[in-house]
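Mapping of the sequence shown onto our numbering: position 160 corresponds to residue 377, and the numbering continues sequentially without gaps.
Glycine included, C-beta positions come from ideal geometry on N, C-alpha and C.
Please read the structure below before turning to the comments.
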Amino acid sequence: MTVKAILFDLDDTLLWDERSVKEAFQATCREAVNRYPDLDAERLEVAVRREARALYESYGTFPFTQRIGINPFEALWARFTEGEHPEFRKLQAWAPEYRREAWTRGLRALGVNDGELGALLAEKFPAERRARPIVYEDTFPVLDSLKGTFKLLLLTNGAPDLQKEKLAGVPQLAPYFDHIVISGQFGEGKPAASIFRHALSLLDIDPGEGMMVGDKLTTDILGANGIGMPSVWINRHGIQSDGGIVPRFEIRRLTELYGIIQRLSGGTNR
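In structure tokens form, the structure reads like this:
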């Protein structure tokens, strides 16, 4: 069946979010070392990530964030000002405290009891993350080649304001897409079949006429497989899969999509 539309994930598929977050942590932890030279920046990052994850999971909003697909480190810089669901107002209310506590507890885990510094780092991290909208080098060349030939849809998990902010940081990106679907606006996140079916309805295609490209097996690939849509796992770092979720195709670079499109349109899986 001929491919008519391509669905793309955003974070770590088109935007290099993992690198942006890593560099923001490094810059923020260096600030702490400036105050306390005996601190180890790498150990502080590990401690803050650990404390942030534990704190995040302790809030009553955790099941909702799992359903929508918002991770603990996004909550370290998200404002949660949008979204109709009442849980977003709860997230908006506790976010400042969450950020402050995550950094303060991370410092304390390394023997530094300084709430004032924790509060400062809690504000520095969001600024450092916002200063780093990083795009993979193959993102725009591939989108340039696909635009006009295929319908393009961006299907991303996350809070509406945060995902929009990520797109605003790279203003050239959004115009490539005929539709942008954000889980926080829709009410369910990948891998729920409902959000994939919603995307198909916007594109007016059957599952076999689309193709989902994403970096996460548990959301992008599992969701596409569940509705019978060809799935393409972009595994840029050569991660070893446990074999539980099997993508139809696996690639290391977006440019490999061209060959997959030809194979699907030619009716072969080889």
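- request: Going by DSSP, name the residue or residues bridged to L371.
  value: Within the sequence shown, numbered from 1, the residue matching residue 371 stands at position 154. Partner(s): F225, I397.
task: Any chance you could list the alpha helix (DSSP H) runs of at least 4 consecutive residues sitting entirely within the region 240-315, in chain order?
output: 258-275, 279-285
query: Can you tell me whether DSSP reads I451 as helix, strand or coil?
result: Translated into the one-based positions of the sequence shown, residue 451 becomes position 234. Reduced to three states, the DSSP call for I451 is strand.
task: Classify L327 as helix, strand or coil using the three-state DSSP reduction.
output: In the sequence shown, residue 327 corresponds to position 110, counting from 1. It is coil, neither helix nor strand.
- prompt: Using 8 Å as the threshold, is the region 278-289 in touch with the region 370-377, meaning 3 or more CB pairs across them?
  reply: yes
- request: Apply the 10 Å Cβ neighbour rule to E382 and answer buried if 16 or more other Cβ atoms are within range, or exposed otherwise.
  value: Position 165 of the sequence shown, counted from the first residue, corresponds to residue 382. Buried, by the Cβ-count rule.
task: Starting from I478, trace the alpha helix (DSSP H) both ways and give me its first and last residue.
output: Against the sequence shown, residue 478 aligns to sequence position 261. Where I478 is concerned, the enclosing alpha helix (DSSP H) stretches over 474-482.
message: Please report the straight-line C-alpha distance between V220 and I478, rounded to a whole angstrom.
response: Counting from one through the sequence shown, the residue named residue 220 turns up at place 3. Counting from one through the sequence shown, the residue named residue 478 turns up at place 261. Using only the alpha carbons, I get a separation of about 7 Å.
query: Can you give the beta carbon distance from L434 to S458, rounded, assuming they're within the 8 Å contact cut?
result: In the sequence shown, the residue the question calls residue 434 occupies position 217. In the sequence shown, the residue the question calls residue 458 occupies position 241. Between S458 and L434 the Cβ distance is about 7 Å, and since that is below 8 Å, they are a contact.
- prompt: Whose C-alpha, out of R414, L384, F413, is nearest the C-alpha of L232?
  reply: Translated into the one-based positions of the sequence shown, residue 232 becomes position 15. Taking only the C-alpha atoms, the option nearest L232 is L384.
Helix, strand or coil at E467 [DSSP, three-state]: Residue mapping note: residue 467 aligns to position 250 of the sequence shown, counting from 1. Looking at E467 - three-state DSSP - the assignment turns out to be strand.
- prompt: First and last residue of the alpha helix (DSSP H) that includes G427?
  reply: Taking the sequence shown and counting its residues from 1, one reaches residue 427 at position 210. Here G427 belongs to no alpha helix (DSSP H); instead the beta strand (DSSP E) covers 427-431.
- prompt: Who does K364 pair with in a DSSP beta bridge?
  reply: Within the sequence shown, numbered from 1, the residue matching residue 364 stands at position 147. Beta-bridge pairing links K364 to F367.
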